[in-house]
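Taking it in order: structure first as structure tokens, then the write-up.
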Amino acid sequence: MSTTRKRRSGADVACIFLHAGAGYHSTQNESIHLQACNDAAEAGMAILRNGGTSVDAVEMAIKVLEDREITNAGYGSNLSMDGVVECDASIVDHHGRSGGVGAVAQIKNPISLARVVLEHSTKQLTLRRVPPNLLVGQGATDFAFEHGIPVMPHDVLVSPAARDRWVRWRADLKYAEKKAAKAAGMPIKKIKGPTKVDALKQDIDVNLLRREHEAKLLAGTGQTSGTLSPATSDIWTSHSASVENSSRTTPETSPPTPESDVQIGVDPRGPPRAIAEASRSAFMNSTQKLPTLKNPRSSPDSPSPIMDLTEEDDPVINEVVMMDLGSSPSSVPHRQASVPRGWSDGSGDDDASSSTSTLQLPSLTPSPPDSSTPVNQDGPLDGTEDDADPDATMSEPPIDENREDLITDTVGAIAIDMNGNIACGASSGGIGMKYRGRVGPAALVGVGASVVPVNVEDKDKTTVATVTSGTGEHMATTMAATVCSEHLYHVVRKTKGGLVEKADTDDEVMKMVIQNDFMGHPGVKNSTSAGAIGLLSVKKTKDGVCCYFAHNTDSFAIASMHADEIVPTCVMSRNSGNGSIAQGGRIMRFKKRKAPSYPQ
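In UniProt numbering, the protein residues as written are 1 to 600.
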């Protein structure tokens with residue numbers, strides 16, 4: 001059966017390109033990662049074929065990835081130090097306009113919230129105020145509620161695998177802190193976990209303090225006086241009966257206001273559904289057939305399993321083995337997930353097991369050998385690896401087929417619609433055990449996603465979009481997405497001496513961005529953290545579309561599809577390590593229209 005449709009006669013053909021994060025994708029779970037990419041590409045292409053915009057397609061493709069537990073975005077993301085899912089996302093249109101959210105909690109699909117921020121940023125506000133294009137933290141969650149995006153209970157976004165990782169990482173952290181304090185001769189400080197913190201109550205208390213502060217400000221100007229009652233909403237009214245029976249809705253010390261039956265301490269965003277209800281609803285938070293973890297000891301009135309952990313519930317510290325970067329993590333129970341066969345890249349295997357990961361950044365260590373991919377102009381190019389960097393000091397450890405997934409960062413997508421407009425977006429759950437409020441690269445335009453718009457005077461109509469994945473702090477230091485897009489647009493490279501000169505090919509540009517602009521940056525070279533990065537760039541001209549990818553991580557999951565194809569093309573690019581850079585790409589030329597001939 002052919003995988004290509006009959007070619008259309010138009011000049012612009014809709015395309016979509018996406019990745020599922022840079023890091024290490026285990027061979028056991030490779031088909032699960034590629035299936036997620038495959039489904040995301042098909043969903044995005046369905047939007048484009050029905051006349052949707054590139055922004056629509058990017059949002060849809062990333063939503064599919066966010067709903068998959070196997071990715072570190074949306075549902076199933078890494079948990080912060082206090083056991084809460086906080087996500088970052090951004091989306092950029094063909095004009096370079098953007099919308100982003102950072103460290104936002106309780107939102108199932110952060111990319112959709114970023115899309116709302118983008119649309120809101122194009123509207124004119126009263127009093128000539130400038131609309132924001134980036135919102136973070138509680139402000140982003142409140143913005144979502146005000147614009148009709150559901151605000152979920154915290155544990156709805158916590159997958160069983162993410163909780164298992166968090167429990168192990170917390171034990172690792174306690175052990176490491178204890179060991180470091182003992183070596184330094186300092187008194188051992190007890191690490192305070194989320195056992196003493198109710199995240200929902202904490203958010204309610206914060207909102208209460210903000211409203212009281214606002215009331216005092218207004219009272220000081222004579223505009224109002226007395227206690228300020230929270231604004232009600234349709235959602236609040238519809239659930240008022242359930243709120244009265246909930247002991248977690250308001251602080252115990254908050255008395256009811258005389259003006260309303262609503263209590264002061266209640267969250268103005270409306271009452272979230274009970275934690276127990278979220279635990280019983282397996283499909284409330286994911287498109288996957290994976291049940292939400294339920295604590296056997298929990299009851300309908302019991303708090304979230306994440307919040308009721310105690311010191312006794314933690315793994316025994318003496319049994320925790322600290323893992324070095326690149327070493328094989330200890331085995332944990334796996335949950336089986338069935339994956340259909342028939343991959344476009346031949347990666348369909350038997351049922352694979354979904355595993356958890358350890359607290360490590362994506363390493364530059366070798367991965368299992370990759371399978372070859374045929375080369376043709378309309379198909380994916382072979383992933384090539386450059387010679388090892390002479391300055392690299394990485395050693396080559398033995399290959400371990402049982403290594404777990406180490407994908408710790410962003411998923412991203414780039415789309416071109418039938419009007420020739422390009423857009424890109426990124427979404428991430430961030431690194432595990434991060435500080436609450438940490439904003440990752442996926443929220444930052446120019447770091448996680450970037451677009452160089454078409455210049456109206458450019459005869460070639462060149463435009464470039466880039467999405468990145470890797471060590472977020474290093475990518476922010478180097479402005480990775482912007483640098484890659486600009487260099488690819490102008491076909492230039494940075495030399496080791498810091499000069500910028502013309503590059504011979506776009507492939508050389510991609511290599512030099514990682515080698516010189518990223519790894520050669522003083523901020524990365526003098527950092528104690530590993531410099532890991534994966535780049536996915538799309539360059540569109542009047543003649544066609546070129547997709548390029550490069551990464552220095554162990555692996556990079558990529559998929560692409562254009563409107564003339566029946567199925568997406570997926571590939572798992574793998575790197576042999578030793579500081580080498582794996583590269584590849586895909587080229588699609590537009591079919592030229594024949595000039596009409598007229599009789600003489």
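Where is the CB? At the ideal position from N, CA and C, for every residue including glycine.
I587 and T505 have their C-alpha atoms roughly 14 Å apart.
Membership of K63 in the alpha helix (DSSP H) is indicated by the continuous run 54–66. For F556, the uninterrupted beta strand (DSSP E) run begins and ends at 555–562, by DSSP. When only Cα atoms are considered, T528 and K182 end up about 22 Å apart. In this structure, the alpha-carbon of N516 lies about 7 Å from that of T495.
For K511, same chain residues with a beta-carbon under 7 Å away, outside a window of 5 residues either side, are D386, A550, I581, Q583 in chain order.
Of all alpha-carbon atoms in I47, V545, H147, G429, the one lying nearest the alpha-carbon of G74 is that of G429. In the three-state DSSP reduction, I514 falls in the helix class (H, G or I). Beta-bridge partners assigned by DSSP to R589: G544. With a minimum length of 3 residues, the unbroken runs of beta strand (DSSP E) contained wholly in the stretch 411–449 fall at 411–416, 422–428. Nearest Cα to K461 within the set R129, V545, A449, G534: V545.
Cα atoms of L18 and L536: separation of roughly 8 Å, rounded to the nearest angstrom.
Residue pairing from DSSP places D88 in a beta bridge opposite S428. The shortest C-alpha to C-alpha distance from I533 to any of S469, G497, G523 is the one to S469. Here the alpha carbons of M433 and W169 stand approximately 7 Å from one another. Here E69 carries a coil assignment [DSSP, helix/strand/coil]. Note that the stretch 81–97 touches the stretch 444–454; at least 3 beta-carbon pairs, one per stretch, sit closer than 8 Å.
Rounded to the nearest whole angstrom, the C-alpha separation of T569 and A415 is 15 Å. Nearest in C-alpha terms to D164, of all of L79, V492, G52, P153, is L79. About 7 Å separates the beta carbons of A61 and A41, which is inside the 8 Å limit, making them a contact pair. Within the stretch 479–530, the runs of beta strand (DSSP E) that reach at least 3 residues and sit entirely inside it are, in chain order, 492–494, 500–502.
Judged by beta-carbon spacing, L157 lies within the 9 Å limit of Q106, meaning their Cβ atoms are closer than that value. In this structure, the straight-line span from the alpha carbon of N455 to that of V464 is close to 11 Å. Here DSSP, grouped into helix, strand and coil, assigns G21 to strand. 9 Å or more divides the Cβ of V101 from the Cβ of L65.
Under the DSSP assignment, M152 falls outside any beta strand (DSSP E); it carries neither an H nor an E label. Taking every protein chain shown into account, the CB of Q28 has 16 or more other CB atoms within 10 angstroms, so this residue is buried.
Judged by beta-carbon spacing, I111 lies beyond the 9 Å limit of S573, meaning their Cβ atoms are not closer than that value. When the Cα atoms are used, S90 and E59 turn out to be separated by approximately 10 Å. For Q583, the three-state secondary structure derived from DSSP is strand. Each residue's CA atom was taken as its position, placing I47 and A557 some 22 Å apart. For R438, the closest C-alpha among the options I204, D88, M475 is that of D88. For I32, the secondary structure class from DSSP, reduced to helix, strand or coil, is helix.
Counting along the chain, A465 sits inside no alpha helix (DSSP H); it lies in the beta strand (DSSP E) bounded by residues 463–470. In the structure shown, the three-state DSSP call for A103 is strand.
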